[in-house]
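Residue numbers (numbering that gives the first Met the number 0), protein chains in the order written: chain A, 0 to 373; chain B, 0 to 373.
Virtual Cβ for every residue (Gly too), placed ideally from N, Cα, C.
Number of protein chains: 2
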Amino acid sequence: MIYFDNAATSLYKPAHVKRAVMDAMEKYTANPGRSGHIKSMEVAEKIYDTREAVKEFFNGSNHEVIFTKNCTEALNLAILGLLKSGDHVIASCYEHNSVLRVLEHLKSIGVEVSIISSDLYEFADNLEREIKENTKMVICTMVSNVTGEYSNSEKIGEICKLYKLIYLADGAQASGHMLVDLKKSNIDMFAFAGHKGLLSITGVGGLMVKNGIELNPLMFGGTGTDSENLIQPKAIPEGYESGTIPSIPIISLGAGIEYINKNFLKIIEKEEDLSKYLYYSLKKLNFLTIYSKCDTKNVVSFNMKNIDSSYLADVLNEKYSICVRAGLHCAPLIHKKLKTTKTGAVRVSIDFNNEYLEIDKLVLALKTIYSSLT
Amino acid sequence: MIYFDNAATSLYKPAHVKRAVMDAMEKYTANPGRSGHIKSMEVAEKIYDTREAVKEFFNGSNHEVIFTKNCTEALNLAILGLLKSGDHVIASCYEHNSVLRVLEHLKSIGVEVSIISSDLYEFADNLEREIKENTKMVICTMVSNVTGEYSNSEKIGEICKLYKLIYLADGAQASGHMLVDLKKSNIDMFAFAGHKGLLSITGVGGLMVKNGIELNPLMFGGTGTDSENLIQPKAIPEGYESGTIPSIPIISLGAGIEYINKNFLKIIEKEEDLSKYLYYSLKKLNFLTIYSKCDTKNVVSFNMKNIDSSYLADVLNEKYSICVRAGLHCAPLIHKKLKTTKTGAVRVSIDFNNEYLEIDKLVLALKTIYSSLT
């Protein structure tokens, strides 16, 4: 089996992460932040350590970390928590439905939405002309989950700073795969998933919120603080983490970040090399239409002539045990731009666990499939 | 160390659950419901099996299961998803802040809220007189997290059926500790936590929704279905599980339910015996005020004379390594009824892993503390 669906989730969790989970199931099963006893405090300390590790990893010392169940919840919290009727928001056409469907909902309550249809890196160059008096927020993914293109986050951050706009970056595909520096890029809010590049188990994501930003909560409930008060407290993170937090997934995230910190340069170097090799290997096949660029971050999407992407993905799975993802990848507007709404595209997404030989096998499979069809 | 904080979370996870998590970290790390390849389908099958196991466990064959991150998200989804300005809702004073703070928020947008202050079992007897023309929903916890009292769910269900009201039951404390039968009790929506009586790791809860009930989603995003459409689909569960679901916590929940199914009678019998033993052992201590009743479900709360509950819990933790929870337990209105808002109460919550000897040790510790204070 060859796994090329790392943009959906990383398949191989480091032994360090697995050990942390096994350890946590023995020692850290109590409820942090609810009681004052030793078992609760031990877990609370692990959660605190992970919050600090997240801040350091993304260079967000002026940010707080709100843990969520996934990146989608983090994006919903950032967008629904900030925007009100009459506000204007600018987003790229590369955004995922976890942004686009939220914006579509907000349109119905009077939020104005502008979508910039340029290539992702040029989003920054087209941003200024879209800014209006009521613009409050700019949303741009750091890396496209469809093409592997990346945004010019430093320039976006500069413009947002100049115009006093809140810059929300979707880090789902960037986290763990490239250097993300919230301070340098002036990112106000940053959403991440644990189970992709950060190598945690599923069940955790997070939103990093710069100090001073006020959000409305997505949900209400017990915070372990100020329990007498029926009004949801607005302290970050407590007021935004109602109910029992996913402590064991969070502990696994801490271990994932520890692993990455120790191996970051090696991971990035290998992923860059594999990305280039993948891109050029597929680019050589003249029966493919490639939607990615040569400096892609871990993702190459393509179609084979007029073949439906789902059919091709099924053949790769069933005949060659190669796992890729077909369809629209929950990002419909970029497919509209690529004119692939009907066919979708086949997405190959690697991580540092992949090997050159696996890419060679993919190329061979595609050649064989193509020749059997013609 | 003696652990008496099972109402917050169960400390000891069965070997069967731990093995399932370890197994899942090897085999089931792909993203279910996102791609069509073998690794994704294998996880999807495990998730499907767990949904079916949940339905069967709670006898909810007419319900669908929406997996959430915890019970709080499930309650928020049920309440915020259903109620609109102008609706009336009736709840018990035993509800947790995961209900009360949601209702407090809804008051500000024009939802009418009635709270019934009777004892929990008598909620049913007092319900009918509170029903108005615009009453839409009745919310009642099955077991109080403060006193261990239980509700008369069959009678509540009958009344709700008669008046065509939606009956939402909070099963956080009931699940895994007593027989819950959605059909028999005519429960329309049922919220549960995985990590308490159902013995899963943290990171998963769920809302069971009777077929035909329509809800607005709490958040928007990728559902792996109908990706071209910017409008959030309303299919249950997909439309309410945006983003990557907590697949590994869900798999652990499946294993927890398997374990309980095999041992349910033994678990319930032991917990009933321990509950009685705990109640009568503490009742004998005339320097305690007990807030629970003799047929309590796993919880006894009390105070010692005029001593602040947090102080007493700290002494139990530090000097006797006994873990209990003090304060208001995120349920302020029942503390108001008990007149314990200022002091809080000490809560002892057992599960089937506790032993009689541990209760004896608690009694001894309380006697020693009391005599040292007088």
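Can you tell me where the alpha helix (DSSP H) holding residue i begins and where it ends?
| i | result |
| --- | --- |
| residue 102 of chain B | 96 to 106 |
| residue 268 of chain B | 246 to 282 |
| residue 309 of chain A | 308 to 319 |
| residue 74 of chain A | 70 to 81 |
Do residue j and residue i have their beta-carbon atoms positioned less than 7 Å apart in this structure?
| i | j | result |
| --- | --- | --- |
| residue 282 of chain B | residue 9 of chain B | no |
| residue 288 of chain B | residue 302 of chain B | yes |
| residue 158 of chain B | residue 181 of chain B | no |
| residue 265 of chain B | residue 61 of chain B | no |
| residue 238 of chain B | residue 231 of chain B | yes |
| residue 336 of chain B | residue 139 of chain B | no |
| residue 90 of chain B | residue 114 of chain B | yes |
| residue 316 of chain A | residue 11 of chain A | no |
| residue 185 of chain B | residue 154 of chain B | no |
| residue 226 of chain B | residue 6 of chain B | no |
| residue 277 of chain B | residue 333 of chain B | no |
| residue 197 of chain B | residue 174 of chain B | yes |
| residue 94 of chain B | residue 119 of chain B | no |
| residue 97 of chain A | residue 221 of chain B | yes |
| residue 300 of chain A | residue 145 of chain A | yes |
| residue 73 of chain B | residue 190 of chain B | yes |
The beta strand (DSSP E) spanning residue i covers which residue range?
| i | result |
| --- | --- |
| residue 334 of chain A | Per DSSP, residue 334 of chain A belongs to no beta strand (DSSP E); it is in the alpha helix (DSSP H), 331 to 337. |
| residue 114 of chain B | 111 to 115 |
| residue 370 of chain A | Unbroken run through residue 370 of chain A is the alpha helix (DSSP H), 355 to 372; no beta strand (DSSP E). |
| residue 205 of chain B | 204 to 209 |
| residue 192 of chain B | 188 to 192 |
| residue 155 of chain B | No beta strand (DSSP E) holds residue 155 of chain B; the alpha helix (DSSP H) holding it covers 152 to 162. |
| residue 90 of chain B | 87 to 91 |
| residue 169 of chain B | 165 to 169 |
Does DSSP classify residue i as helix, strand or coil?
| i | result |
| --- | --- |
| residue 55 of chain A | helix |
| residue 26 of chain B | helix |
| residue 344 of chain B | coil |
| residue 63 of chain B | strand |
| residue 303 of chain A | strand |
| residue 126 of chain A | helix |
| residue 239 of chain A | helix |
| residue 21 of chain A | helix |
| residue 47 of chain B | helix |
| residue 135 of chain B | strand |
| residue 42 of chain A | helix |
| residue 289 of chain A | strand |
| residue 200 of chain A | coil |
| residue 298 of chain A | strand |
| residue 145 of chain B | coil |
| residue 230 of chain B | coil |
| residue 1 of chain B | strand |
Using alpha carbons as the reference points, say which of the options lies closest to residue i.
| i | options | result |
| --- | --- | --- |
| residue 29 of chain A | A:370, A:44, A:191, A:17 | A:44 |
| residue 67 of chain A | B:13, B:57, B:71 | B:71 |
| residue 258 of chain A | A:0, A:337, A:64, A:17 | A:17 |
| residue 356 of chain A | A:325, A:321, A:340, A:328 | A:321 |
| residue 207 of chain B | B:51, B:64, B:363 | B:64 |
| residue 99 of chain A | A:330, A:167, A:134 | A:330 |
| residue 295 of chain B | B:136, B:172, B:156, B:38 | B:172 |
| residue 53 of chain B | B:104, B:84, B:192, B:110 | B:192 |
| residue 136 of chain A | A:146, A:80, A:120, A:96 | A:80 |
| residue 254 of chain B | B:56, B:40, B:4 | B:56 |
| residue 217 of chain A | A:41, A:277, A:82 | A:82 |
| residue 241 of chain B | A:27, A:324, A:75, A:49 | A:75 |
| residue 248 of chain B | B:370, B:234, B:23, B:149 | B:23 |
| residue 108 of chain A | A:124, A:120, A:123, A:86 | A:86 |
| residue 164 of chain B | B:37, B:41, B:133, B:49 | B:133 |
| residue 48 of chain A | A:111, A:246, A:96 | A:246 |
| residue 309 of chain B | B:325, B:268, B:274, B:39 | B:325 |
Got a sec: does the ligand NAD put a non-hydrogen atom nearer than 6 Å to the Cβ of residue i?
| i | result |
| --- | --- |
| residue 11 of chain A | Only the bare structure without any ligand can be found here, which leaves the ligand NAD out of the picture. |
Mind checking the region 212 to 245 of chain A against chain B and listing, in chain order, the residues whose C-beta falls within less than 9 Å of any C-beta there?
Listed in sequence order: 216, 217, 218, 219, 220, 221, 222, 223, 226, 227, 228, 229, 230, 231, 241, 242, 243, 244, 245.
Chain A contacts from the region 312 to 324 of chain B (Cβ-Cβ distance under 9 Å):
312, 313, 315, 316, 317, 320, 321, 322, 323, 324
Taking a Cβ distance cut-off of 8 Å, strictly less, list which residues of the region 348 to 372 of chain A are near chain B, in chain order.
none
Please identify, using Cβ separations under 7 Å, the residues of the region 90 to 107 of chain B that lie next to chain A, in order along the chain.
Within the region 90 to 107 of chain B, the residues whose Cβ lies closer than 7 Å to some Cβ of chain A are 95, 96, 97, 99, 100, 101, 103, 104, listed in chain order.
What residues in the region 32 to 44 of chain B have a beta carbon less than 8 Å from any beta carbon of chain A?
33, 34, 35, 36, 37, 38, 39
Could you run through the region 128 to 145 of chain B and flag, in chain order, every residue whose CB is less than 7 Å away from some CB of chain A?
none
Given a limit of 8 Å on CB to CB distance, which residues of the region 170 to 203 of chain B reach chain A?
192, 194, 200, 201, 202, 203
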